[in-house]
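Written out below as structure tokens is the structure these notes cover.
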């Protein structure tokens, strides 16, 4: 397979065939992220992409799910994306779903007609890294958009009919801003009202730019129990219609899953039990995080 560098995908794409149509991340300025720091962003040519599809077909002709990588593949011109989608559904007879990362700026740059056309040609699911709903936190981590722009991006995807999966990062506000991070993130997610929501817990690689703030004492990581309190605050204040919530990424200390709002009371009770009893034995060991 034609892969350049390490390949990353959402947890729910574990069984998907991954096709790398872009290399790296166009934004690539988030201080908490190291996934694409060693790559120079580029969009692969039409010829490269179609050659990748041909090679992939020889390896996995019965693929039912495909994920288009890298970091914000939605930046690709919509006409080329439509060509790619048409070719995928033509060549993979069992294909049912195509997912893609969509950066907020890339979503905002596409008009509603483009997004609707992508859905019509088989794009199924867009993953949006919301990370936080707090303006100061978004600014400090270099996300490049405001909470209002994030809401607009999310709502554009929802209005297009495409499925949307949002991701937030627990602990991104550090100790000093944990409460406002949770509350403001709940507000933004509620405004978007996505059908899918995933929570990751901040893990800091040695080369991550945010490490400079940690070493200088400007940013303090929250503890495992504090991360659960933050999740609890987020879930308590979410106002969503019907959202599948997952907190089962390897970075999280306590795997959780629920459908909101139906399971809200049950999941809050689980969190309260662990927090109040300080049941550290129920938490994922530090050495297991990221595995």
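In this note's numbering, the protein residues as written are 17 to 307. Glycine included, C-beta positions come from ideal geometry on N, C-alpha and C.
Collapsing the DSSP output to three states places residue 171 in a helix. DSSP lists 143 and 212 as the beta-bridge partner residues of residue 181. Comparing C-alpha distances from residue 93 to each of 270, 127, 104 and 276 shows the shortest one belongs to 127. Within 10 angstroms of the beta-carbon of residue 172 lie 16 or more other beta-carbons, which makes it buried.
The C-beta of residue 261 has 16 or more other C-beta atoms within 10 Å across all chains shown, which makes the residue buried.
Note on residue 42: 16 or more other CB atoms within 10 angstroms of its CB, so buried under the neighbour-count rule. Taking the CA atoms as reference points, residue 264 sits about 20 Å from residue 253.
Excluding sequence positions up to five before and after residue 178, its CB lies within less than 6 Å of the CB of 135 and 142, all in the same chain and listed in chain order.
For residue 117, the pairing in a beta bridge is given by DSSP as 143. Residues 158 and 160 of the same chain have their beta carbon placed closer than 7 Å to that of residue 45, with the five preceding and five following residues left out of the count. Take the alpha-carbon of residue 176 and the one of residue 132: they are about 5 Å apart. Sixteen is the threshold: when 16 or more other Cβ atoms of the shown chains lie within 10 Å of the Cβ of residue 72, as they do, the residue is buried. Across the set 193, 139 and 203, the C-alpha of 139 shows the shortest separation from the C-alpha of residue 111. Residue 298 and residue 277 have their C-alpha atoms roughly 25 Å apart.
Residue 287 and residue 151 have their alpha carbons spaced roughly 27 Å apart. Within the same chain, and ignoring the five residues on either side of residue 195 in sequence, the residues whose Cβ sits closer than 7 Å to its Cβ are 249.
DSSP places residue 132 outside any beta strand (DSSP E); the residue lies instead in the alpha helix (DSSP H), whose first and last residues are 128 to 136.
Out of 101, 282 and 60, the CA that lies nearest to the CA of residue 113 is found in 101.
Our two residues, residue 187 and residue 270, have alpha carbons roughly 14 Å apart in a direct line. Taking a cut-off of 8 Å for Cβ pairs, the segment 52 to 72 and the segment 21 to 40 touch, as three or more such pairs fall below it.
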